[in-house]
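Chains as they are written, first to last, in our numbering: chain H, 50 to 402; chain F, 50 to 402.
In structure tokens, the structure reads:
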């Protein structure tokens with residue numbers, strides 16, 4: 050994560066010294082344009098002006114990230130937060146089997162934040178935009194009475210026949226997932242433990258050695274746009290697709306519900322990295338539980354027709370973890386020791402007190 | 050404002066009884082599709098899928114509305130807030146001389162709000178969407194630790210040659226404004242006065258008779274999409290355009306800066322409604338001051354070539370209030386009694402403590 054290292058500056062400039070327009074000018078200065086054919090006018094007018102590639106349809110999604118709900122400033126550096134805010138939105142476009150082109154960034158920020166802090170946040174957002182060739186074309190910057198609120202809108206495009214919806218899975222389609230699962234949750238557990246220890250003893254130094262992978266999974270997730278390319282290269286069109294933001298169980302239930310199917314998942318097939326298992330062991334959590342209910346892995350979960358099995362079977366980045374069944378059969382996991390466990394979405398109960 | 054009357058329901062249902070997905074299902078149930086050619090897939094997947102009308106470019110803008118910064122729940126009914134949140138975004142598309150097609154709504158809400166309150170908010174948003182034939186195609190719903198945060202993204206389209214930027218004004222172009230100005234600020238002053246009196250004596254009943262127009266200007270602004278149609282009907286393409294959200298002075302300075310011009314504004318030409326003048330008198334505020342610095346009128350400010358004067362001169366809804374000059378001459382208002390007053394943007398100092 051060297052490219053996200055804090056520069057360690059100690060200056061503090063109050064936001065009020067720039068005012069709203071001054072801040073916007075600063076944050077949008079020298080923005081690169083990666084997609085000049087599509088991004089006709091970026092920031093600086095009442096709206097951005099875009100041209101959709103010939104023959105393409107457009108994909109649009111948005112996410113809110115709220116301090117104290119989606120992130121904790123105690124252990125989430127602002128540059129990482131900026132990177133992640135963009136990355137999770139790009140993941141929504143990847144989940145449609147499409148490519149992102151533009152983002153718009155809304156930010157409400159309190160006086161508690163310095164200009165240097167906001168610079169860090171934007172540096173992280175720009176880094177992610179640059180890595181994935183996405184243009185920052187607009188947004189809104191305002192004050193808040195408490196905390197930080199980020200609102201990202203992402204725009205992408207694809208040929209209409211390439212778009213993968215949640216609703217296209219059919220009985221007997223293979224259920225596949227990219228990468229590995231549970232790591233982001235393991236990283237969160239480690240960070241929360243360190244926070245508790247830090248609050249008890251502020252002089253402590255975090256001990257994160259041996260856990261760089263799971264920390265990166267939590268702090269700096271990457272959208273799996275490489276999988277979109279990979280599938281295109283293999284000439285495989287997923288019959289349905291979603292990204293894993295709330296946990297595997299919840300996402301499987303979304304695909305099943307929208308596709309009017311059921312699903313059979315095999316516990317032994319769920320990919321969990323060795324470091325993730327080691328970290329979860331510290332908290333006595335089973336790897337499958339983290340994969341099923343942890344969330345924030347931002348891998349792609351998708352179904353393919355059985356005839357495409359030969360095309361994907363040798364891909365190290367794609368694992369077949371189950372198959373779709375008829376709706377009446379429901380959604381189950383087959384555990385290693387046999388039997389059946391009904392899949393339920395633990396998900397995230399946003400409004401519980 | 051009959052269509053925005055509160056139904057006066059007394060039930061209170063906690064948001065947690067529905068959970069995140071239940072709330073989203075409820076809020077997005079039975080959404081109409083006004084633009085089936087363009088809105089291919091609305092809510093329910095990782096992203097909305099849109100088709101841009103043939104030959105058109107796309108306009109995208111977004112706004113954040115934060116409780117305690119942009120609105121005060123003491124006097125802003127939730128249904129009005131919902132309506133206004135959509136309306137001010139549609140205004141950004143009107144300001145590009147274009148038509149809105151879709152919106153996405155992000156909402157972060159605390160447990161302080163009941164389900165019935167959120168229903169009211171959405172009813173207002175839907176009402177505005179329906180009135181202007183705009184589709185609600187997606188968004189994000191989450192919890193917040195305090196207060197309400199709304200994030201609206203609006204999408205529109207226009208033929209590329211019809212798009213009006215801030216940057217197209219030329220020396221000698223006529224500066225025009227739609228409708229009248231200062232009313233929204235007068236309405237705000239009245240509402241704030243009533244709030245102070247209510248806090249001092251909660252038994253008081255607000256006395257708003259004779260001020261329905263300025264209250265409506267503040268609580269339920271309308272985007273001037275009718276002016277976009279009117280100009281098209283007159284075959285007038287504005288050389289530059291912006292909407293009046295921060296006050297006339299600030300917007301004139303934006304047009305001048307982006308167009309590399311100066312501007313001469315005539316005080317006597319600034320349109321202010323009689324009721325607005327009467328309300329402002331109560332606060333000993335000059336009508337011109339409210340028009341120049343009050344903001345939130347959401348009228349359209351634009352420039353037209355002198356050759357188009359004949360086409361617009363009889364439009365009751367459009368008033369010529371000045372003309373563009375060369376940049377070196379700067380930006381001035383000519384007061385009734387002669388002389389020159391330099392235009393400055395009072396605007397809104399978002400980050401002052």
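Heads up, the beta-carbon is just placed ideally off N, CA and C, and yes, glycines get one too.
Coarse secondary structure for residue 364 (chain F), derived from DSSP in three states: As a position in the second chain, residue 364 (chain F) is number 315, starting the count at 1. Looking at residue 364 (chain F) - three-state DSSP - the assignment turns out to be coil, as it is neither helix nor strand.
Select from H:156, H:138, H:154 and H:155 the residue whose C-alpha is nearest the C-alpha of residue 148 (chain H). Taking the first chain and counting its residues from 1, the one referred to as residue 148 (chain H) is at position 99. Closest option to residue 148 (chain H), Cα to Cα, is H:138.
CA-CA distance, residue 243 (chain H) and residue 127 (chain H)? By 1-based counting over the first chain, the position of residue 243 (chain H) is 194. By 1-based counting over the first chain, the position of residue 127 (chain H) is 78. Between residue 243 (chain H) and residue 127 (chain H), the C-alpha separation is close to 18 Å.
Three-state secondary structure (DSSP) at residue 86 (chain F)? Locating residue 86 (chain F) in the second chain gives position 37, counting from the first residue. Coil, per DSSP.
Using a cut-off of 8 Å between C-beta atoms, extract the partners of residue 60 (chain H) located in chain F. Along the first chain, read from residue 1 onward, the residue named residue 60 (chain H) stands at position 11. Those within 8 Å of residue 60 (chain H) in chain F number zero; the least Cβ separation is about 17 Å.
Name the chain H residues whose beta carbon is nearer than 7 Å to that of residue 323 (chain F)? Stepping through the second chain from its first residue, residue 323 (chain F) is reached at position 274. Ordered by position in chain H, no residue passes the 7 Å Cβ test against residue 323 (chain F), which lies about 30 Å from the chain.
Chain-ordered chain H contacts of residue 118 (chain F) [CB-CB under 8 Å]: The residue you call residue 118 (chain F) lines up with position 69 of the second chain. Per Cβ cutoff of 8 Å: 157, 191, 192, 193 and 194.
Secondary structure of residue 334 (chain H), DSSP reduced to three states: Your numbering for residue 334 (chain H) matches position 285 in the first chain. In this structure, residue 334 (chain H) counts as coil in the three-state DSSP scheme.
Taking residue 188 (chain F) as the reference, give the member of F:297, F:74, F:346 and F:293 with the closest Cα. To locate residue 188 (chain F), count along the second chain from 1; it is residue 139. The shortest Cα separation from residue 188 (chain F) among F:297, F:74, F:346 and F:293 belongs to F:74.
Is there a C-beta anywhere in chain F that falls below 8 Å from the one on residue 98 (chain H)? Here the question's residue 98 (chain H) lines up with position 49 in the first chain. Yes, residue 98 (chain H) counts as interfacial toward chain F.
Can you name, in chain order, every residue of its own chain whose Cβ lies under 6 Å from the Cβ of residue 100 (chain F), other than the five neighbours on each side? Translated into positions along the second chain, residue 100 (chain F) becomes position 51. Non-local beta-carbon contacts of residue 100 (chain F) in its own chain, meaning distances under 6 Å to residues more than five positions away in sequence, involve 87 and 89 in chain order.
Pick from H:135, H:158, H:206 and H:249 that is closest to residue 175 (chain H), judged by C-alpha positions: Here residue 175 (chain H) corresponds to residue number 126 of the first chain, with the count starting at 1. Of the residues H:135, H:158, H:206 and H:249, the one whose Cα lies closest to the Cα of residue 175 (chain H) is H:135.
Looking at chain A, is there any beta carbon in it that lies within less than 8 Å of the beta carbon of residue 187 (chain H)? Absence of chain A from the displayed structure is noted, the protein chains being H and F.
Threshold first: 4 residues or longer. Then list the alpha helix (DSSP H) segments lying entirely within the region 214-285 of chain F, N to C. With a minimum length of 4 residues, the continuous alpha helix (DSSP H) runs that stay inside the region 214-285 of chain F are 232-249, 261-268 and 274-282.
Grab me the residues of residue 399 (chain H)'s own chain with a C-beta within less than 7 Å of its C-beta, minus the 5 sequence neighbours each way, in chain order. Residue 399 (chain H) sits at position 350 when you count from the first residue of the first chain. In this predicted model, residue 399 (chain H) has a pLDDT of only 44, less than 50, meaning its place in the structure is not dependable; the value taken from the coordinates is given anyway. Listed in chain order, the non-local C-beta contacts of residue 399 (chain H) below 7 Å within the same chain number zero, local neighbours out to five positions each way being set aside.
Can you look up residue 122 (chain F) in the DSSP assignment and give me helix, strand or coil? In the second chain, counting from the first residue as 1, residue 122 (chain F) sits at position 73. Coil, per DSSP.
Using only the alpha-carbon positions, how far apart do residue 323 (chain H) and residue 340 (chain H) sit? The residue given as residue 323 (chain H) occupies position 274 in the first chain. The residue given as residue 340 (chain H) occupies position 291 in the first chain. Taken atom to atom, the span from the alpha-carbon of residue 323 (chain H) to that of residue 340 (chain H) is near 13 Å.
Rounded Cβ spacing between residue 195 (chain H) and residue 195 (chain F) (contact assumed at less than 8 Å): Numbered from 1 along the first chain, position 146 holds the residue referred to as residue 195 (chain H). Numbered from 1 along the second chain, position 146 holds the residue referred to as residue 195 (chain F). Confirmed, Cβ separation roughly 6 Å.
Using a Cβ-Cβ cut-off of 8 Å (strictly less than) and excluding sequence neighbours within five positions of residue 375 (chain F), which residues of its own chain qualify? The sequence position of residue 375 (chain F) within the second chain is 326, counting from 1. Once the five neighbours on either side are set aside, the close Cβ partners of residue 375 (chain F) are 220, 310 and 311.
With 8 Å as the limit, tell me which residues of the region 196-228 of chain F have their beta carbon closer than that to any beta carbon of chain H; keep them in chain order. Listed by position along the chain: 196, 198, 200, 202, 203, 204, 205, 209, 212, 214, 215 and 216.
For residue 386 (chain H), collect the residues of the same chain with a Cβ closer than 8 Å to its Cβ; drop the 5 residues on either side in sequence, then sort them by chain order. Position 337 of the first chain holds residue 386 (chain H). So the list is empty, once near-sequence residues are dropped.
Let me see if you follow: with CB-CB separation under 8 Å, is residue 145 (chain H) close to chain F or not? Taking the first chain and counting its residues from 1, the one referred to as residue 145 (chain H) is at position 96. Interface residue, yes.
Does the beta carbon of residue 86 (chain F) come closer than 8 Å to any beta carbon on chain H? Locating residue 86 (chain F) in the second chain gives position 37, counting from the first residue. Chain H, which has no Cβ nearer than 8 Å to the Cβ of residue 86 (chain F), makes this no.
For the candidate residues H:368, H:257, H:384 and H:83, whose alpha-carbon lies nearest to that of residue 331 (chain H)? Residue numbering aside, residue 331 (chain H) sits at position 282 when the first chain is read from its first letter. Of the candidates H:368, H:257, H:384 and H:83, H:257 places its Cα closest to the Cα of residue 331 (chain H).
For a test of the three-state rule: what should DSSP assign to residue 62 (chain F), helix, strand or coil? Position 13 of the second chain, counted from the first residue, corresponds to residue 62 (chain F). Reduced to three states, the DSSP call for residue 62 (chain F) is coil.
Can you look up residue 206 (chain F) in the DSSP assignment and give me helix, strand or coil? Working through the second chain from its first residue, we reach residue 206 (chain F) at position 157. Residue 206 (chain F) falls in the strand class under three-state DSSP.
Taking only the alpha-carbon atoms, compute the straight-line gap between residue 170 (chain F) and residue 185 (chain F) and give it to the nearest angstrom. Position 121 of the second chain, counted from the first residue, corresponds to residue 170 (chain F). Position 136 of the second chain, counted from the first residue, corresponds to residue 185 (chain F). Spanning the two alpha carbons is a distance of roughly 14 Å.
Any C-beta of chain F within less than 9 Å: which residues of the region 125-155 of chain H qualify? Answer in chain order: 140, 141, 142, 143, 144, 145, 147, 151, 153, 154 and 155.
Exposed or buried, which one is residue 63 (chain H) when buried takes at least 16 other CB atoms within 10 Å? The residue given as residue 63 (chain H) occupies position 14 in the first chain. Exposed, by the Cβ-count rule.
Please confirm if residue 367 (chain H) has its CB atom under 8 Å from at least one CB of chain F. The sequence position of residue 367 (chain H) within the first chain is 318, counting from 1. Any Cβ of chain F closer than 8 Å to the Cβ of residue 367 (chain H) would place that residue at the interface, and such an atom is absent.
Between H:343, H:103 and H:378, which has its C-alpha nearest residue 234 (chain H)'s C-alpha? Position 185 of the first chain, counted from the first residue, corresponds to residue 234 (chain H). Minimum Cα distance to residue 234 (chain H) is reached at H:343.
Using the rule of at least 16 other Cβ atoms within 10 Å of the residue's Cβ for burial, across every protein chain shown, is residue 81 (chain F) buried or exposed? Here residue 81 (chain F) is taken as the residue at index 32 of the second chain, counted from 1. Only exposed fits residue 81 (chain F), as fewer than 16 other CB atoms lie within 10 angstroms of its CB.
Could one say the Cβ of residue 103 (chain H) lies closer than 8 Å to chain F's Cβ atoms, at least one of them? Position 54 of the first chain, counted from the first residue, corresponds to residue 103 (chain H). Under the Cβ criterion of 8 Å, residue 103 (chain H) is not counted among the residues facing chain F.
Under a three-way DSSP split, which group does residue 396 (chain H) fall into? Residue numbering aside, residue 396 (chain H) sits at position 347 when the first chain is read from its first letter. For residue 396 (chain H), the predicted model reports a pLDDT of 48, less than 50, meaning its position is unreliable; a value from the coordinates is still stated below. Coil.
Hey, which unbroken runs of the alpha helix (DSSP H) at 4 residues or more fall wholly within the region 135-220 of chain F? Uninterrupted alpha helix (DSSP H) stretches at least 4 residues long and entirely within the region 135-220 of chain F occur at 164-180, given in chain order.
How about residue 384 (chain H): is its C-beta nearer than 8 Å to some C-beta of chain F? As a first step, residue 384 (chain H) must be located in the first chain, where it is residue number 335. So, not an interface residue.
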